[in-house]
Amino acid sequence: MLGSSDEEQVAFCKAENRVIVTADADFLRLLKTESDHPGVIYWASGKHFGRIVNDIDAMCFIMEAGEFRGKIFYL
Numbered sequence: 001m002l003g004s005s006d007e008e009q010v011a012f013c014k015a016e017n018r019v020i021v022t023a024d025a026d027f028l029r030l031l032k033t034e035s036d037h038p039g040v041i042y043w044a045s046g047k048h049f050g051r052i053v054n055d056i057d058a059m060c061f062i063m064e065a066g067e068f069r070g071k072i073f074y075l
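Once you know that position 48 of the sequence shown is 48 in full-length UniProt numbering, the rest is easy, because the numbers rise by one and skip nothing.
Dropping the structure here:
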């Protein structure tokens with residue numbers, strides 16, 4: 001999906017029912033008022049990547065896939 005527009009990436013994630021994991025705030029603006037998406041995990045730039053991976057792993061361990069739907073999570 002490298003080189004695809006944000007809208008194309010959102011459409012792909014919706015079609016594949018995949019959570020969007022990003023540090024790109026444009027996705028927040030795109031999906032802030034929309035609840036029909038598989039979910040977004042957003043982290044602010046500057047956070048240590050290892051910590052991000054650990055946080056996402058913990059989320060996946062304690063949550064069911066459907067619990068991400070329509071929500072934006074901030075790490």
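Every residue, glycine too, gets a C-beta built ideally from N, C-alpha and C.
Only a predicted model underlies this, so the values are computations on that prediction, with no experimental measurement involved.
Check: Indicate the three-state DSSP secondary structure (helix, strand or coil) for V53 in the structure shown.; Outcome: helix
Check: Which same chain residues end up closer than 8 Å to V10 when comparing Cβ atoms and leaving out the 5 residues on each side of it in sequence?; Outcome: I20, F27, L30, L31, H37
Check: Applying the 10 Å Cβ sphere with the 16-neighbour rule, what's the burial state of C60?; Outcome: exposed
Check: For the candidate residues G66, S45, R69, I41, whose alpha-carbon lies nearest to that of D57?; Outcome: I41
Check: Return the residue from the list D55, A44, E67 that minimises the CA-CA distance to T22.; Outcome: A44
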